[in-house]
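Using the numbering used here, read the sequence shown as starting at 1374 and increasing by one per residue. Structure first, then comments.
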Amino acid sequence: MGSEYYETLEINRNATDADIKKAFRGQALKFHPSRNREKGSSETFLQLGEAYDVLSDPRKKATYDKFGVEGLKGGIPPEFGCSGAWSSKYAYHGNPGKTFKEFFGGDNPFADFFTNDEPLQFGGLRSVVVKTQDSHIERDMHLSLDDLYHGCTKKIKISRRVMNEDGCTSSIKDKILTIDVRPGWKEGMRIIFAKEGDQGPNSIPADIVFIVQQKSHLLFVRQDNDLIYKAQITLEMALTGFSVDVETLDNRLITIPINDIVHPSYNKVVSGEGMPRSQDPSQRGNLIITFEIQFPEKLSAERKHLIRQALTLKD
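Take a look at the structure:
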């Protein structure tokens, strides 16, 4: 007796009806022409359809088990038919898409691959996509100003529900998502991982969206591509001049001389010392230094007189 059908489904002759269904589900999904473009996959898909058509039918299976392929397709003498065996000549209809459609019912397990509402064809039968995608999932990703200045790689572990090979049950599994942060990214930047949400039998997994949130920095405030640095100075410094030392985010110490008289609305702009521009990290915004003038709490009469005299002197 031949065992070709069992070999096709990769099961043994003692397989139960549940084993046959499970084997066909896994193999048919693997070799379906919509998923598998390798040479020979269409022929394998046809063989799977015929094997399931025979082994899922008790009468055909009984004939095949007793008389092999020859007896199944050539027919057997009527006297052997009393045992319930198939006595007519069997011929597969040759449409594995039809077998596939009948097995999965009205649901199309390949709807994930056809989200543009185009019909999917199975040997002349048309099945319209009915699955809808779950709403996207948003998660904040908090990054330091240093991360956004230099760029970095973040690895984020997620736990999600995935369908098992039988297509019916599911389990929770962890997955690592890798995000390559480019220098100059801004708060609100959205990084999308398509279809990484929970899997379900009747829906398309949701997209997971990470949204950049910038952590506050001890020295700098970011304004688009510019960095704001606040320097505290005395009234004397504001009137007579001074220099400001600023340690940059790439660990350089730059000294900026201030020769003008500083008033509350005065800002010093240092070109090219701000954040990298995400489109071209070699280009940078500006460093803007603002000033907070600390006035003396009190002055003696003598000092007031000296200041008044100094401010009223003509050049």
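Backbone N, C-alpha and C define an ideal beta-carbon position, used for all residues, glycine too.
**Message:** Considering only heavy atoms of the ligand NAP, does any lie closer than 8 Å to the CB of Met-1514?
**Reply:** Inclusion of the ligand NAP in the displayed structure is not the case, the ligand content being empty and no account of it being possible.
**Message:** Helix, strand or coil, according to DSSP, for Asp-1507 in the structure here?
**Reply:** The count along the sequence shown starts at 1 and reaches residue 1507 at position 134. Three-state DSSP puts Asp-1507 in coil, outside helix and strand.
**Prompt:** Would you call the CB atoms of Val-1635 and Leu-1612 closer than 9 Å?
**Reply:** Along the sequence shown, read from residue 1 onward, the residue named residue 1635 stands at position 262. Along the sequence shown, read from residue 1 onward, the residue named residue 1612 stands at position 239. Yes, the pair counts as a contact, with Cβ atoms nearer than the cut-off.
**Asked** Once you ignore the five residues that flank Glu-1560 on each side, which residues in its own chain have a CB closer than 7 Å to its CB?
**Response** What you label residue 1560 is simply residue 187 of the sequence shown in a count that begins at 1. Within the same chain, Glu-1560 has close Cβ partners Val-1585, Gln-1586, Gln-1587.
**Message:** Please tell me whether Met-1648 and Leu-1521 are closer than 9 Å, where the distance is taken between their beta carbons.
**Reply:** For the purposes of this step, residue 1648 is taken as residue 275 along the sequence shown, with counting starting at 1. For the purposes of this step, residue 1521 is taken as residue 148 along the sequence shown, with counting starting at 1. Contact flag set, yes.
**Prompt:** If you draw a straight line from the C-alpha of Tyr-1602 to the C-alpha of Arg-1408, how long is it?
**Reply:** Walking along the sequence shown from the start, residue 1602 turns up at place 229. Walking along the sequence shown from the start, residue 1408 turns up at place 35. Approximately 56 Å, taken between the alpha carbons.
**Item:** Cβ contact (3+ pairs, closer than 8 Å) linking the region 1395–1405 and the region 1417–1425
**Value:** yes
**Asked** Helix, strand or coil for Ser-1429 per DSSP?
**Response** Taking the sequence shown and counting its residues from 1, the one referred to as residue 1429 is at position 56. Reduced to three states, the DSSP call for Ser-1429 is coil.
**Cutoff 7 Å; reference Gly-1607; Cβ partners in own chain excluding five residues on either side** = On the sequence shown, position 234 is the one that residue 1607 refers to. The sequence given here places Thr at residue 1607; Gly does not occur at that position. Cβ within range, chain order: Gln-1667.
**Chain-order list of residues whose beta-carbon lies under 8 Å from that of Lys-1446 (same chain, five-residue window excluded)** = Residue 1446 sits at position 73 when you count from the first residue of the sequence shown. Once the five neighbours on either side are set aside, the close Cβ partners of Lys-1446 are Lys-1462, Tyr-1463, Ala-1464.
**Request:** Along the alpha helix (DSSP H) that carries Lys-1403, what are the first and last residues, could you check?
**Result:** Along the sequence shown, one-based indexing puts residue 1403 at 30. Lys-1403 -> alpha helix (DSSP H) spans 1390–1404.
**Message:** Helix, strand or coil, according to DSSP, for Leu-1550 in the structure here?
**Reply:** For the purposes of this step, residue 1550 is taken as the residue at position 177 of the sequence shown. Strand.
**Prompt:** Which same chain residues, not among the five before or five after Asp-1580, have their C-beta less than 6 Å away from its C-beta?
**Reply:** Here residue 1580 is taken as the residue at index 207 of the sequence shown, counted from 1. Answer for Asp-1580: His-1509, Ile-1565, Ala-1567, listed in chain order.
**Prompt:** Are Gly-1524 and Gln-1652 closer than 9 Å when you measure CB to CB?
**Reply:** Translated into the one-based positions of the sequence shown, residue 1524 becomes position 151. Translated into the one-based positions of the sequence shown, residue 1652 becomes position 279. No, they are not a contact pair.
**Prompt:** From which residue to which residue does the beta strand (DSSP E) around Leu-1626 run?
**Reply:** The residue given as residue 1626 occupies position 253 in the sequence shown. Note, Leu-1626: beta strand (DSSP E), 1626–1631.
**Message:** In the DSSP assignment, the alpha helix (DSSP H) including Ile-1710 goes from what residue to what residue?
**Reply:** The chain is shown only over 1374 to 1688; residue 1710 falls outside these bounds and no answer can be derived.
**Asked** Quick one: Cα of Gln-1656 to Cα of Arg-1650, how far?
**Response** For the purposes of this step, residue 1656 is taken as the residue at position 283 of the sequence shown. For the purposes of this step, residue 1650 is taken as the residue at position 277 of the sequence shown. One C-alpha to the other measures close to 6 Å.
**Request:** For the beta strand (DSSP E) holding Gln-1602, just list the boundary residues, first then last.
**Result:** Start at 1 with the first residue of the sequence shown, and residue 1602 comes out as number 229. The displayed chain sequence assigns Tyr, not Gln, to residue 1602. Note, Tyr-1602: beta strand (DSSP E), 1599–1607.
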